[in-house]
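Visitor: In my numbering, the protein residues as written are 240 to 346.
Below, the structure written as structure tokens:
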């Protein structure tokens with residue numbers, strides 16, 4: 240398989256009360272990358288495609304903080320995901336309130 244078709248993936252964790260920087264939880268190439276992507280998708284965890292970043296992080300050991308040179312991009316990705324998560328929860332809360340107000344019990 241050539242390098243362009245090979246999959247790279249990394250799963251990150253960031254808990255501000257625990258981590259100084261995002262930490263690699265799982266990383267790999269090929270079949271391992273496909274498994275990481277599949278498990279994340281099944282768990283409802285957002286996937287973000289950034290080939291250069293994935294290539295860097297895919298070779299890292301689990302429980303390793305991300306490299307400093309990736310901080311800015313990872314921060315942008317995590318901010319985007321956090322904002323989308325907040326928007327999703329707000330929309331669902333508003334939908335529940337609206338359903339309750341109009342007497343729709345389908346939610």
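Even glycine gets a Cβ: it sits at the ideal position worked out from N, Cα and C.
What you are looking at is a predicted structure, and each value in this text was computed from that prediction instead of being measured.
Taking the alpha helix (DSSP H) that residue 294 belongs to, which residues open and close that run?
Guide: Here the alpha helix (DSSP H) through residue 294 covers 290 to 296.
Visitor: Between the alpha carbons of residue 271 and residue 305, how many angstroms are there, rounded?
Guide: Residue 271 and residue 305: Cα-Cα distance of roughly 19 Å.
Visitor: With a threshold of 8 Å on Cβ separation, who are the neighbours of residue 276 within its own chain once the five nearest residues in sequence on each side are excluded?
Guide: So the qualifying residues of the chain are 246, 248 and 286.
Visitor: At the level of alpha carbons, what is the spacing between residue 327 and residue 250?
Guide: Rounded to the nearest angstrom, the two C-alpha atoms are 21 Å apart.
Visitor: Alpha carbon to alpha carbon, what distance is there between residue 339 and residue 254?
Guide: Residue 254 and residue 339: Cα-Cα distance of roughly 34 Å.
Visitor: Decide if residue 278 is buried, meaning its Cβ has at least 16 other Cβ atoms within 10 Å, or exposed.
Guide: It is exposed - the Cβ of residue 278 has fewer than 16 other Cβ atoms within 10 Å.
Visitor: Are the CB atoms of residue 291 and residue 266 within a distance shorter than 8 Å?
Guide: Their beta carbons are not under 8 Å apart, which means residue 266 does not touch residue 291 by this criterion.
Visitor: Per DSSP, which residues does residue 252 bridge with? Please list them.
Guide: Looking at the DSSP assignment, residue 252 forms a beta bridge with 262.
Visitor: Reducing DSSP to helix, strand and coil, say where residue 327 ends up.
Guide: It is helical.
Visitor: When DSSP labels each residue in this structure, what does residue 310 get in the three-state scheme?
Guide: It is helical.
Visitor: Quick check: the Cα distance between residue 310 and residue 260, rounded to an integer number of angstroms?
Guide: Whole-angstrom Cα-Cα distance: 8 Å.
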